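Accompanying notes for the structure given below.
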Amino acid sequence: MGILLEERIGLVNKRADRLKKNGTFFWLKTIENASQSRVVVDNKEKIMLASYNYLGLIDHPKLKEAAIKAIEKYGTGTSGVRFLSGTTAVHKELEAKIAQFKGAEDAITYTSGYVTNLAAITSLFQKDDLIIIDKIDHASIIDGCMLSGARYKTFLHNDMQRLENVLKESVGFVNKIIIVDGVYSMDGDVADLPGISRLAKKYNTMLMVDEAHSIGVLGNTGHGIEEHFGLKNVVDIHMGTLSKTIPSVGGYIAGKKDIIDYLRHNSRPFIFSAPIPPVNAAVAIAAFEVIENEPERVHNLHKNMERYRKGIQSLGYNIGNSITAIVPIIVGEEEKTLQLCKVVNEEGVFICPILHPAVSKETSRLRSHVLTNHTLEDIDEALDIFEKAGKSLEII
Ligand SMILES: Cc1ncc(COP(=O)(O)O)c(C=O)c1O
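Here it is as structure tokens:
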């Protein structure tokens, strides 16, 4: 039996109102400058631990210059879908750049990472097909599966035995694909690509990886999960966003030319919806170029990741299996998580809590993101704040 819409609205809004009254509503905060390593929030400068600006590109002079030039040349939008109103050269250039960056034959872009997963999954897979996903894959993958009409099954997070069990028992489907996140966005751990790709090959199943949090982060040159594991061409469909390391907006699929052509001719979010504005395409091209031309950004990020992760861990916090720029501070109980968030925000760290239903009730957490532009002082100051707060609340 469903519940009345008013009741449903009431339930959600009441929870938010309760947190606002307690002073523990940390979401939707107004930030008064670029989302760099220090931000001004509530009139106070704080160390930014909530941004996906992993490589610090958000206000890079080359990206700003590319943006200004694109606005001067193309104006502010496209005023129509690319299929019917014409496409700009800058959109095509971006797709060529992404294909080169990912070592793929071709690429297609969409208006967001979320839309990209929906577009690719619903266009490629239908009734009589099987999609196998990790239990904690991103919501946009799950939503894509639900919309596609294909059968979908989950396996226990990063558990190769469970994945093989699902593959073994899945016979009679026309097409099969495994879809995983490269870096898991709530946990900061990495998909077991060697294991998954071995099983995909053994069971003649395609493989798609969402690289929203691995581009610019994984691999010595930031090219992502295949580089991280020293593997080549084991992923059939590379998905990524242009809204995190690449500080623009949009998403992409890179892969074989025939798949990309099919998506151009068949995916509804490409045919029935306008693209990202040319300015965002130009910024994204410049960002991919900077990643390749300024490798020290990735190297410094890796150093920062290690310093912060080891620091948080040595304080006694539970960070699960994180080895990336996303470092969860798993507190457990929701109330304690909110208290910790309140204290560290008051002391000068900007961070948000992640609660149920985004994660299970007993694993409520704060999710910290390490950036290449964090200085050693930023990291040490943040660790100090977490030490004092954790001790005062008896979490560590
Ligand atoms: C793993 C993953 N995939 C896809 C998305 C969606 O990307 P976008 O914000 O560009 O829509 C996100 C966003 O947080 C993500 O974490």
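The opening position of the sequence shown corresponds to residue 6 in our numbering, with each subsequent residue numbered one higher. Think of the CB as a built atom: it goes at the ideal place given N, C-alpha and C, for glycine as much as any other residue. Keep in mind the model is a prediction, meaning the values are calculated, not measured.
Near ligand 2: residue i beta-carbon under 8 Å from a heavy atom
i    : result
V195 : Among the ligands modelled here, namely ligand 1, ligand 2 does not occur.
Helix, strand or coil at residue i according to DSSP, with G and I counted as helix
i    : result
Y257 : strand
G200 : helix
L236 : coil
T116 : coil
S369 : strand
T210 : coil
F293 : helix
H374 : strand
D142 : coil
K181 : strand
N58  : coil
V188 : strand
N326 : coil
V44  : strand
V222 : coil
V354 : strand
Residue i: first and last residue of the uninterrupted alpha helix (DSSP H) it sits in
i    : result
A104 : A94 to K107
D385 : L381 to S397
E50  : Not the alpha helix (DSSP H): E50 falls in the beta strand (DSSP E), residues K49 to M53.
K315 : E301 to S319
V171 : M165 to E174
K262 : K262 to N271
D192 : Where D192 is concerned, there is no enclosing alpha helix (DSSP H), given that its DSSP letter is neither H nor E.
K34  : Segment: none, K34 is in no alpha helix (DSSP H) and carries neither H nor E.
K78  : P66 to Y79
G15  : L10 to N27
S90  : R87 to S90
Host beta strand (DSSP E) of residue i (start-end)
i    : result
Y158 : Looking at the sequence shown, residue 158 is not Tyr but Lys. R156 to F160 is the span of the beta strand (DSSP E), which, as asked, contains K158.
T246 : I242 to T246
P358 : C357 to I359
L135 : L135 to D139
P333 : I331 to G337
Own chain residues within Cβ distance below 7 Å of residue i, not counting five before or after
i    : result
G221 : Y59, L60, G227, T250, I296 and V303
P280 : T83, R87, H96, T114 and T116
L161 : K140 and R167
L99  : T114, A286, A289 and I290
N323 : I335
E367 : G337
E50  : R43
Cβ distance (whole Å) where residue i is taken to contact residue j below 8 Å
i    : j    : result
S84  : G118 : Incorrect: roughly 24 Å between the Cβ atoms, too far for contact.
A387 : V336 : Not quite, the Cβ-Cβ distance comes to about 16 Å (not below 8 Å), so this is no contact.
H143 : S190 : 6 Å
Y453 : P300 : Here the chain comprises residues numbered 6 to 401, so residue 453 is not present and cannot be evaluated.
I73  : S40  : Not really, about 20 Å apart at Cβ, beyond 8 Å.
L236 : L198 : 6 Å
I331 : V188 : 7 Å
D134 : V179 : 6 Å
N347 : T29  : According to the sequence shown, residue 347 is Lys rather than Asn. So it is a contact: roughly 6 Å between Cβ atoms.
S327 : G193 : 3 Å
T329 : H218 : 7 Å
Contact set for residue i: own chain, Cβ-Cβ below 6 Å, skip 5 residues either direction
i    : result
A124 : Y115, S272 and P274
I137 : K158, V171 and I183
Y257 : I103, A112, T114 and G245
S42  : M53, L376, N378, H379 and D383
E339 : L360 and S369
M352 : A small fix is needed here, since residue 352 is Glu in this sequence, not Met. Same-chain partners within the cutoff: I390.
K181 : L135 and T210
L223 : G229, I230 and H233
N305 : T377
Nonlocal neighbours in the same chain, by C-beta distance under 8 Å from residue i, ignoring five residues either side
i    : result
R370 : M191, P333, I334, I335, V336, T342, P358, I359 and V364
K262 : E110 and D111
L9   : none
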